[in-house]
Amino acid sequence: MCKCISLIGGIALTQDNLLWSDVLGLLKDRMSKPAFETWFKETKAMIEGNNWIIITPNEFSRDWLESRYLSEIKEAIYSTTKEEANVAVIVENQSVGVSQLDVKIESILTQIEFLTQNEKVKILSLIKDKFTKEIISSKPQCGEQNTENSNYDEPNRISNLEKEVKQLKDELTGLHTEIRLLKKILANQNSGDTQEQG
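All residue numbers for the sequence shown refer to the working numbering, where the first residue is 481 and numbers rise by one.
What follows is the structure, given as structure tokens:
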């Protein structure tokens with residue numbers, strides 16, 4: 481879902497990238513022109529709440545921003561929004577699987593991190609129960625015939641299983657991306673906490 485705001489030079493600017501442009505303006509004023517042109521000129525951002533995903537054109541840029549400019553990015557975001565931000569930096573081709581839904585899920589998972597252990601166990605149990613019930617209710621029971629297709633034969637069953645396997649692979653790929661982003665956000669939060677304590 482694109483939150484398109486305006487069209488400049490044939491490129492649709494999203495609300496996220498308009499905010500990111502403001503942040504970039506601050507960063508540009510705080511560093512040399514060559515440094516800005518090299519590391520920030522080709523970046524984009526996806527924002528959900530206080531979770532910012534900065535998208536770079538390549539792994540080298542990602543690694544450099546994470547290791548050298550993460551605190552400056554967070555400071556510029558705070559100066560622009562007056563909110564503390566969780567920041568993850570990813571490579572553009574990795575962002576293909578990152579949708580607004582992924583960002584919402586990431587935001588929910590970040591909120592779960594602040595719960596007590598008992599609250600986490602309860603939420604995970606509720607989620608597990610819900611999805612287990614959905615899976616069980618959607619499968620034909622032993623001796624039952626599939627009501628959606630009365631000719632439920634072996635080729636159809638194999639085809640359906642192949643579709644389910646593909647869907648599971650796609651979901652696992654998405655989860656892998658989300659886990660990687662969450663690890664980066666948590667690592668960034670932990671490094672920020674360590675710096676504040678020091």
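Heads up, the beta-carbon is just placed ideally off N, CA and C, and yes, glycines get one too.
Query, Result
"Selection from Leu550, Thr657, Lys600 that minimises the alpha carbon distance to Glu572", "Thr657"
"CB-CB length for Asn531 against Asn566, believed under 8 Å", "5 Å"
"Reference Ile588, options Leu661, Asp609, Asn668, closest by Cα", "Leu661"
"heavy atom of the ligand FAD below 7 Å from Asn598 C-beta", "The model depicted lacks the ligand FAD and carries no ligand whatsoever."
"Proximity of Ala568 and Ile665 at Cβ, strictly below 8 Å", "yes"
"For Lys524, the three-state DSSP class (helix, strand or coil)", "strand"
"Touch test, the stretch 598-613 against the stretch 539-553, Cβ-Cβ under 8 Å, three pairs minimum", "no"
"Thr560 beta carbon less than 8 Å from that of Leu499", "yes"
"Per-residue burial, Glu528 [other beta carbons within 10 Å of its own, 16 or more giving buried]", "buried"
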